[in-house]
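Working notes, structure below.
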Amino acid sequence: MVFPNYFADAESGFDEADFVIFGVPYDKTSSFRHGVDKGPREIRQSSWNFETFDLRTGVDLKDIKLHDYGNLDVKNLNTKEMLERVGDFTCKLLAKNKFPIAIGGEHSITPGIVKAYPNDIAVLSLDAHMDLREQYENDVNNHACVTRRIADHIDIKNIAVIGVRSAEKKEFEYAQKAGLFFIDTFSINKRGISETIKETKKYLTDKKIYFTLDIDVVDPAYAPGTSTPEPFGLDPFDILEFIDAFSSQLIGFDIVEVCPAYDHGETSILAAKLIRSIVGAIWNKSSL
Ligand SMILES: [Mn+2]
50 MVFPNYFADA
60 ESGFDEADFV
70 IFGVPYDKTS
80 SFRHGVDKGP
90 REIRQSSWNF
100 ETFDLRTGVD
110 LKDIKLHDYG
120 NLDVKNLNTK
130 EMLERVGDFT
140 CKLLAKNKFP
150 IAIGGEHSIT
160 PGIVKAYPND
170 IAVLSLDAHM
180 DLREQYENDV
190 NNHACVTRRI
200 ADHIDIKNIA
210 VIGVRSAEKK
220 EFEYAQKAGL
230 FFIDTFSINK
240 RGISETIKET
250 KKYLTDKKIY
260 FTLDIDVVDP
270 AYAPGTSTPE
280 PFGLDPFDIL
290 EFIDAFSSQL
300 IGFDIVEVCP
310 AYDHGETSIL
320 AAKLIRSIVG
330 AIWNKSSL
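The working numbering applies: residue 50 is where the sequence shown begins, and numbers increase by one.
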């Protein structure tokens with residue numbers, strides 16, 4: 050069955066919308082598996098599975114002014130051009146007071162979005178990987194360099210990376226030297242998600258936060274359809290806890306690295322539900 054190719058319940062026109070979804074089907078620098086350019090389409094299709102009413106929060110998505118812009122045309126662009134296009138589009142949304150929601154595509158799209166914001170914001174990244182390489186495969190904008198490129202724009206002290214469990218030794222040493230706030234899943238498993246959130250919350254107090262959710266932060270048992278899966282991940286309830294804790298501070302978010310060819314639809318279903326949950330949580334706590 051094929052559903053309309055826009056996100057379910059995104060029934061608002063652009064002008065009256067508070068939230069604008071846009072797809073960035075970019076798949077150029079993935080190092081292991083390809084196919085994340087199919088993410089936006091699959092996530093949109095999956096979104097039609099759900100009720101408009103969210104039983105958990107009491108929010109009905111029908112009451113929220115949500116617009117789906119469609120995809121940005123980034124297919125033939127190099128990373129630099131792609132970042133500019135994504136950045137320009139995000140600037141336009143922010144100038145019109147829209148709340149940006151990007152669907153990847155690979156994680157390399159995120160620095161383009163972040164650069165559209167003032168440089169005193171914070172970034173919360175849920176990711177299995179540190180992504181702190183200066184460059185990878187001769188490209189400083191590779192998806193393995195995302196955190197590093199974000200740190201070109203905002204102070205690394207205003208970045209928190211949660212759920213990491215993979216880095217090369219050099220990245221790990223750089224993170225410690227530069228004072229990056231990160232919490233790996235091995236310590237999350239020991240101290241519990243509530244304690245993890247409490248510490249992160251304390252670290253990012255009072256900051257406006259851009260939230261980037263690399264689906265590979267979730268354990269491959271729940272989200273196998275991703276380009277670089279990494280065992281010992283978070284479970285979907287952990288992500289909900291994060292959403293609830295930070296929703297009042299969020300000023301934009303993305304979900305990236307969904308690679309539909311490597312599962313039976315479960316990763317796109319989870320991503321679509323998470324987008325709905327985040328929008329609902331923000332709307333619940335804001336005066337939009
Ligand atoms: Mn990752």
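Don't be surprised by glycine CBs; every beta carbon is placed ideally from N, CA and C.
Model, not experiment: these values are computed from the prediction.
With distances taken from CA atoms, which of the options is nearest residue i?
i, options, result
"Met-131", "Ala-193, Asp-265, Pro-53, Thr-159", "Thr-159"
"Ser-296", "Lys-77, Phe-71, Phe-260, Cys-194", "Phe-260"
"Gly-241", "Asp-287, Lys-250, Leu-229", "Asp-287"
"Thr-249", "Asp-233, Asn-127, Asp-180", "Asp-233"
"Trp-97", "Pro-285, Tyr-252, Ala-57", "Ala-57"
"Asp-312", "Pro-278, Phe-291, Lys-147", "Pro-278"
"Asp-263", "Ala-59, Lys-77, Glu-220, Val-85", "Val-85"
"Leu-110", "Lys-334, Ser-335, Val-328", "Val-328"
"Asp-169", "Ala-200, Glu-183, Leu-175", "Ala-200"
"Val-123", "His-116, Phe-235, Val-135, Arg-93", "Val-135"
"Asp-293", "Gly-282, Ile-246, His-178, Ile-318", "Ile-246"
"His-116", "Asn-333, Ile-324, His-156", "Ile-324"
"Leu-319", "Ile-152, Gly-161, Asn-146, Lys-114", "Ile-152"
"Leu-121", "Tyr-75, Phe-63, Lys-114", "Tyr-75"
Return yes when the C-beta of residue i is under 7 angstroms from any heavy atom of ligand 1, and no when it is not.
i, result
"Leu-277", "A small fix is needed here, since residue 277 is Thr in this sequence, not Leu. It does: the Cβ of Thr-277 is within 7 angstroms (strictly closer) of some heavy atom of ligand 1."
"His-202", "no"
"Lys-176", "Reading off the sequence, residue 176 comes out as Asp, not Lys. Within the cutoff, so yes."
"Asp-303", "no"
"Glu-222", "no"
"Glu-217", "no"
"Glu-133", "no"
"Asp-263", "yes"
"Glu-186", "no"
"His-306", "For the sequence presented, residue 306 should be read as Glu rather than His. Because some heavy atom of ligand 1 lies under 7 angstroms away, the Cβ of Glu-306 counts as near it: yes."
Quick one: what does DSSP say residue i is sitting in, helix, strand or coil?
i, result
"Pro-149", "strand"
"Ile-158", "helix"
"Ser-236", "helix"
"Tyr-259", "strand"
"Gly-88", "helix"
"Val-328", "helix"
"Tyr-271", "coil"
"Asn-168", "coil"
"Ala-320", "helix"
"Leu-115", "strand"
"Tyr-252", "helix"
Which residues bound the alpha helix (DSSP H) around residue i?
i, result
"Leu-132", "128-144"
"Leu-229", "That residue, Leu-229, is in no alpha helix (DSSP H); it is neither H nor E in DSSP."
"Asp-287", "285-295"
"Ile-413", "With the chain represented from 50 up to 337, any question about residue 413 goes unanswered, as that position is not in the structure."
Examine chain B for any beta-carbon lying closer than 8 angstroms to the beta-carbon of residue i, and answer yes or no.
i, result
"Phe-52", "Chain labels in this structure do not include chain B; a single protein chain is all it has."
How far does the beta strand (DSSP E) with residue i in it reach, from first residue to last?
i, result
"Val-307", "Taken as a continuous stretch (DSSP letters only), Val-307 belongs to no beta strand (DSSP E), as it is neither H nor E."
"Ala-209", "208-213"
"Val-195", "Where Val-195 is concerned, there is no enclosing beta strand (DSSP E), although the alpha helix (DSSP H) it sits in stretches over 195-202."
State yes or no: is the C-beta of residue i nearer than 7 angstroms to some heavy atom of ligand 3?
i, result
"His-156", "Ligands in the displayed structure: ligand 1; ligand 3 is not one of them."
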